[in-house]
Amino acid sequence: MISPLDTTNPNCRMGDNTLCGTQGQDNCDLSRCPTRLSTVKTQLETFLSSHATQARYGLAFFPATESGSSTAAESCRSFSQLTVPPPTVDEATRLQLSADAVLQAIRNVPTPAGSTPLGDTLEMLVQQTPLGTSAASAGDAVVIISDGLPNCNANNPNDGSQPALCRCTALSCMGALARLGCLDLDAPSALMSNLRARGVRTYVMPLGNEVAMGEGPQVFQSLAEAGGTLRPCPNGTNAECGASYVCNPSTRLCSGPSLLPGELDRVLAP
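Now the structure itself:
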């Protein structure tokens with residue numbers, strides 16, 4: 036998350052032409068080369084500053100991995116509880132305090148490292164929050180912001196010995212990563228579909244060039260479909276969908292993820 040948001044930005048190159056923020060390199064100059072983490076912080080600060088009392092906000096980070104962790108199990112560890120639980124009442128002071136707590140947690144987040152245990156994190160959210168469980172839950176939504184493809188499923192039916200089925204998300208899907216490194220699309224999609232059946236929308240926002248290449252676009256589109264949050268293109272034009280994405284003229288929905296950077300306001304749209 037501390038590597039550049041846009042790896043093609045020439046301001047993100049060091050003197051030896053390597054990317055800033057990558058292993059062994061200095062941190063990026065955020066004024067000239069925004070990183071994935073700085074982009075998340077900026078966008079959430081802007082969003083929460085404008086909409087602090089319009090919803091009950093909670094926060095969960097993933098993975099629960101400290102920089103320097105080396106084993107496959109450590110890189111896939113997920114938190115067992117929310118970093119900031121959402122308030123239980125719609126009182127303005129409580130809502131403001133919750134939004135402030137989310138902002139403070141985001142500002143203080145340690146350097147993220149590790150894999151993408153999305154399935155386990157969604158399972159934790161379902162267990163620890165009242166998402167879609169009552170009339171008061173109308174309008175509930177989950178927003179996932181990630182610079183990686185979902186993996187870390189120890190029970191993944193596929194493994195690295197079946198490359199076409201594994202769809203490896205790591206440098207290698209052998210040994211300890213034989214299953215953990217394989218793409219885990221089914222588990223989070225099932226959880227998102229169940230939430231959708233309860234009236235809860237799940238939005239996904241990918242960050243970084245890597246998730247816009249290879250498996251990335253289709254994976255994030257599948258997650259958006261499961262969450263019921265594909266972006267609309269009411270006029271039937273590709274221009275409404277942004278660069279690299281197209282409008283389906285039959286459904287009037289865009290290909291790609293639920294949200295592009297800068298589109299968080301869509302979460303609160305009717």
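For any residue, its number in the working numbering is found by taking its place in the sequence shown, counting from 1, and adding 35.
In this text, a Cβ means the ideal position worked out from N, Cα and C, and glycines have one as well.
This structure is a prediction, so every number in the text was calculated from the model and none was measured.
Is the beta carbon of residue i less than 8 Å from the beta carbon of residue j?
i, j, result
"residue 239", "residue 259", "yes"
"residue 290", "residue 241", "no"
"residue 46", "residue 68", "yes"
"residue 215", "residue 107", "yes"
"residue 74", "residue 37", "no"
"residue 113", "residue 156", "yes"
"residue 193", "residue 204", "no"
"residue 299", "residue 131", "no"
Could you tell me the distance, in whole angstroms, from the CA atom of residue i to the CA atom of residue j?
i, j, result
"residue 297", "residue 49", "27 Å"
"residue 294", "residue 191", "27 Å"
"residue 218", "residue 111", "13 Å"
"residue 176", "residue 237", "6 Å"
"residue 124", "residue 89", "12 Å"
"residue 84", "residue 138", "9 Å"
"residue 58", "residue 206", "15 Å"
"residue 257", "residue 174", "22 Å"
"residue 43", "residue 244", "8 Å"
"residue 140", "residue 91", "16 Å"
"residue 202", "residue 127", "46 Å"
"residue 117", "residue 221", "23 Å"
"residue 188", "residue 151", "10 Å"
With 16 other CB atoms within 10 Å as the buried threshold, where does residue i fall?
i, result
"residue 133", "buried"
"residue 269", "exposed"
"residue 248", "exposed"
"residue 284", "exposed"
"residue 227", "buried"
On the premise that residue j lies in contact with residue i, defined as a C-beta separation below 8 Å, what is that separation, rounded to the nearest angstrom?
i, j, result
"residue 233", "residue 167", "3 Å"
* Evaluate contact between the region 84-98 and the region 138-158, counting only Cβ atoms and requiring at least three cross-stretch pairs below 8 Å. => Proximity of the region 84-98 to the region 138-158 meets the contact definition, three or more beta-carbon pairs being nearer than 8 Å.
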